[in-house]
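Chemist: To start, I am sharing the structure in question, which I have written as structure tokens.
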Amino acid sequence: MNYLHEQRIKENTLLGRLQEYAASDAYPFHMPGHKRNKLEEEKLGNFPEPFSIDITEIYGFDDLHHPEGILKASMEKTAEIYGAGESRYLVNGSSCGILAAVSGCTERGGRILISRNCHKSVYHAIVLNHLKSAYVYPQVIDELGINGGILPEDVEKQLARYPDTQAVLVVSPTYDGVVSDIREIARVVHQRNIPLIVDEAHGAHFSFGKKGEYPASALSEGADVVIQSLHKTLPSLTQTAVIHLNQSRCLGQKKLDRIKWYLSVYQTSSPSYLFMASIERCVLYMNGQGRERLSWLFNQTEAFREEAKKLSLLQVPGKEWIGKKGIFDWDSSKLILHLGKTGKSGLWLGDKLRKEFHLELEMYAPRYGLALTSLWDRQEGFDRLLQAMQAVDHELFLELGNGQQLSGRERETDLQEKFFFLQEKERQVMEIGEAVELPAEDKILEQCLGRISAEYVYLYPPGIPCLVPGEKIDQEIIRSIQEYQKAGFSVHGLNGKHGEFLPVICETSL
Numbered sequence: 004m005n006y007l008h009e010q011r012i013k014e015n016t017l018l019g020r021l022q023e024y025a026a027s028d029a030y031p032f033h034m035p036g037h038k039r040n041k042l043e044e045e046k047l048g049n050f051p052e053p054f055s056i057d058i059t060e061i062y063g064f065d066d067l068h069h070p071e072g073i074l075k076a077s078m079e080k081t082a083e084i085y086g087a088g089e090s091r092y093l094v095n096g097s098s099c100g101i102l103a104a105v106s107g108c109t110e111r112g113g114r115i116l117i118s119r120n121c122h123k124s125v126y127h128a129i130v131l132n133h134l135k136s137a138y139v140y141p142q143v144i145d146e147l148g149i150n151g152g153i154l155p156e157d158v159e160k161q162l163a164r165y166p167d168t169q170a171v172l173v174v175s176p177t178y179d180g181v182v183s184d185i186r187e188i189a190r191v192v193h194q195r196n197i198p199l200i201v202d203e204a205h206g207a208h209f210s211f212g213k214k215g216e217y218p219a220s221a222l223s224e225g226a227d228v229v230i231q232s233l234h235k236t237l238p239s240l241t242q243t244a245v246i247h248l249n250q251s252r253c254l255g256q257k258k259l260d261r262i263k264w265y266l267s268v269y270q271t272s273s274p275s276y277l278f279m280a281s282i283e284r285c286v287l288y289m290n291g292q293g294r295e296r297l298s299w300l301f302n303q304t305e306a307f308r309e310e311a312k313k314l315s316l317l318q319v320p321g322k323e324w325i326g327k328k329g330i331f332d333w334d335s336s337k338l339i340l341h342l343g344k345t346g347k348s349g350l351w352l353g354d355k356l357r358k359e360f361h362l363e364l365e366m367y368a369p370r371y372g373l374a375l376t377s378l379w380d381r382q383e384g385f386d387r388l389l390q391a392m393q394a395v396d397h398e399l400f401l402e403l404g405n406g407q408q409l410s411g412r413e414r415e416t417d418l419q420e421k422f423f424f425l426q427e428k429e430r431q432v433m434e435i436g437e438a439v440e441l442p443a444e445d446k447i448l449e450q451c452l453g454r455i456s457a458e459y460v461y462l463y464p465p466g467i468p469c470l471v472p473g474e475k476i477d478q479e480i481i482r483s484i485q486e487y488q489k490a491g492f493s494v495h496g497l498n499g500k501h502g503e504f505l506p507v508i509c510e511t512s513l
């Protein structure tokens, strides 16, 4: 095989593309939390070459689904460090933990109350268990175009409206870093003698942060089940997560056993020892050097926000929002690069940062881009991002005439964030599980007015549905989908070469 042929094979493979990205000067403001930072790997104890420790369940290495030896001891140490009653390793990401938690805390056909900005895995759990769903909506921050927090009084109101609720699940922090008042929500939920599940996928670092720098973890605020994605914000391999269980009056032994049984259902029967070793090493590191490194990160992100205040048009919001719109606390490690009133979209910003400054963001929303930082970021990254923001801000200042003159085209694309901030509106006309099992047909989007959706519609990331099976389609939803497509966003859930069809329930089935 000649050299040129070898190069073509390398370039046309996934591994080749990964190696090309790793060798580039692209800086990752995205997951995973280790940021491909080889310089920091020594702090994990010289983690070995992956193939050398990739094994299966052989003698002396225990069984994740029936831990009695080294894995049992490892998970007990993790629970001790986090302050949980019990912790279990997840090798299929937070999604499998959410599926197990919902399945274990509810009876088949029962009801669950969830925050409407939940990840799609929560909705999948509802379908799989034929649950009835009820929603509590987050507050809306119109100025930023993001969801705020969940108000405890709204949870209380919905529990009074749906007294048959068997469990409550809320997301905190959100993708953007918004933290709700979990302690008060837990108090309200526990008054009904039911468990509170918290999707804390983006808050695995909270337990290791200093008070005043990072929010308190839901674990210490009264939640019964907490699911965390280590790979999102900590130095652990992609797909690694943990589920923490706190046995209480509301989460008795029966529910605990059911959750652990469902973990064996939703997780692979051949769990990766590489992943589990990564989880263990990450937790041990965070219990030592990682704590100080988190303080370094806090100082970096706050200094970045201070410098961003000097920008003319762009904004980087933070803790000044605490106490407003249901925001109990704010995770400073999430940098919302907000485009203000420039009329530009996050997709535009992400593309510009990638092409001109070699910076890769985590997510692009209509009015902002999201940069995820972690304790393994480097000073270089923050310096490059600040310089890029200053350059973009100056360019927009000149282009828009001090930011006051927006072209007609920019006004048209100044999207209202129906996908990212979910305004309360009753659209549900049948349960999700019922809707997904009925015959469906593809209809041109413009012809779907008044029809019932047979599919989820969402942008990924963050994977929060704006439309759920069983919900009636109105003009607002149709217009939002069309605007997102026009702006260049990839809308999941649609069919056809150009995403022109939406699956709806056949009218003959109703």
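Counting from 4, one number per residue, gives the positions in the sequence shown under this note's numbering. Yeah, the Cβ is synthetic: ideal placement off N, Cα and C, and Gly gets one too.
From the DSSP output, in three-state form, read off F400 for me.
Modeler: Note: F400 maps to helix in three-state DSSP.
Chemist: Measuring straight from C-alpha to C-alpha, what distance separates V139 and V439?
Modeler: Those two C-alpha atoms are separated by around 22 Å.
Chemist: Given a cut-off of 7 Å on the beta-carbon distance, is the pair S239 and L248 in contact?
Modeler: No.
Chemist: Ends of the beta strand (DSSP E) at D445?
Modeler: Run containing D445: A443 to I447, per the beta strand (DSSP E) assignment.
Chemist: Could you please give me the residues that DSSP links to Y217 through a beta bridge?
Modeler: In DSSP, Y217 forms a bridge with K214.
Chemist: Which same chain residues end up closer than 6 Å to H501 when comparing Cβ atoms and leaving out the 5 residues on each side of it in sequence?
Modeler: Contacts found: none.
Chemist: For the beta strand (DSSP E) containing P31, name the first residue and the last one.
Modeler: Counting along the chain, the beta strand (DSSP E) containing P31 begins and ends at Y30 to F32.
Chemist: Is W333 helix, strand or coil by DSSP?
Modeler: Strand, per DSSP.
Chemist: With DSSP collapsed to three states, give me the class of L199.
Modeler: Strand, per DSSP.
Chemist: With DSSP run on the structure shown, which of helix, strand or coil describes K258?
Modeler: In the structure shown, K258 sits in a helix (DSSP, three-state: H, G or I).
Chemist: Can you name, in chain order, every residue of its own chain whose Cβ lies under 6 Å from the Cβ of D28, other than the five neighbours on each side?
Modeler: Cβ within range, chain order: H361.
Chemist: Rounded to whole angstroms, how far is the Cβ of I455 from the Cβ of V507, which I believe are closer than 8 Å?
Modeler: Contact holds; Cβ gap of about 6 Å.
Chemist: Below 7 Å CB to CB, which residues in the same chain sit around R357 once its five sequence neighbours on both sides are set aside?
Modeler: The residues are E363.
Chemist: Can you name, in chain order, every residue of its own chain whose Cβ lies under 8 Å from the Cβ of L277, other than the five neighbours on each side?
Modeler: P53, I56, D57 and L240, listed in sequence order.
Chemist: Less than 7 Å separating the beta-carbons of V182 and F331?
Modeler: Contact: yes.
Chemist: Can you tell me the Cβ-Cβ gap for I262 and G107, rounded? I've got them flagged as a contact below 8 Å.
Modeler: Yes, I262 and G107 are in contact; Cβ-Cβ is about 3 Å, under 8 Å.
Chemist: Around the Cβ of V268, are there at least 16 other Cβ atoms within 10 angstroms (buried) or fewer (exposed)?
Modeler: Label assigned to V268: exposed.
Chemist: Can you tell which of R482, L513 and S512 has the C-alpha that lies nearest to the C-alpha of E503?
Modeler: Of R482, L513 and S512, the residue nearest in Cα terms is R482.
Chemist: DSSP has I115 in a bridge; who is on the other side?
Modeler: Looking at the DSSP assignment, I115 forms a beta bridge with S136 and A170.
Chemist: Could I get the ranges of all uninterrupted alpha helix (DSSP H) runs contained in the region 36-99, with 4 residues as the minimum, in chain order?
Modeler: Within the region 36-99, the complete alpha helix (DSSP H) runs of at least 4 residues are 73-85.
Chemist: Beta carbon of V139: closer than 6 Å to some heavy atom of the ligand MG?
Modeler: With respect to the ligand MG, the structure offers nothing, as it holds no ligand at all.
Chemist: Quick one: is H341 buried, meaning 16 or more other Cβ sit within 10 Å of its Cβ, or exposed?
Modeler: It counts as buried.
Chemist: Residue range of the alpha helix (DSSP H) that G152 falls in?
Modeler: Neither: G152 is in no alpha helix (DSSP H) and is coded neither H nor E.
Chemist: Helix, strand or coil for L378, going by three-state DSSP, please let me know.
Modeler: If DSSP states are grouped into helix, strand and coil, L378 belongs with coil.
Chemist: Check H122 in the structure and name its three-state DSSP category.
Modeler: In the structure shown, H122 sits in coil (DSSP, three-state: anything other than H, G, I, E or B).
Chemist: Taking the Cβ atom as the reference point for each residue, do G372 and L352 lie within a distance shorter than 7 Å?
Modeler: Contact flag set, yes.
Chemist: For E203, count the other beta carbons within 10 Å of its own beta carbon; 16 or more makes it buried, fewer makes it exposed. Which is it?
Modeler: So E203 ends up on the buried side.
Chemist: Please state whether DSSP places N571 in a helix, a strand or coil.
Modeler: Because the chain here runs from 4 to 513, residue 571 falls outside it and cannot be looked at.
Chemist: Are the beta-carbon atoms belonging to E310 and L388 less than 7 Å from one another?
Modeler: No, the pair does not count as a contact, with Cβ atoms beyond the cut-off.
Chemist: By a C-beta neighbour count over all protein chains shown, 10 Å radius and 16 as the cutoff for buried, is K489 buried or exposed?
Modeler: With fewer than 16 other Cβ atoms within 10 Å, it is exposed.
Chemist: What span of residues does the beta strand (DSSP E) with A226 cover, start to end?
Modeler: Per DSSP, A226 belongs to no beta strand (DSSP E) and is neither H nor E.
Chemist: Are V130 and G436 close, meaning C-beta to C-beta below 7 Å?
Modeler: Their beta carbons are under 7 Å apart, which means V130 touches G436 by this criterion.
Chemist: Quick one: grab the DSSP three-state call for H495.
Modeler: Looking at H495 - three-state DSSP - the assignment turns out to be strand.
Chemist: Starting from H247 and walking both ways along the beta strand (DSSP E), at which residues does that stretch end?
Modeler: Per DSSP, H247 belongs to the beta strand (DSSP E) from A244 to L248.
Chemist: Considering Cα atoms alone, identify which of A87, V94 and F32 is closest to P274.
Modeler: Checking every option, the nearest Cα to that of P274 belongs to V94.
Chemist: If you draw a straight line from the C-alpha of E420 to the C-alpha of P369, how long is it?
Modeler: The pLDDT assigned to E420 is 46, lower than 50, so where the model puts this residue is not dependable; a value taken from the coordinates is nonetheless given after this. Straight-line Cα distance between these residues: approximately 7 Å.
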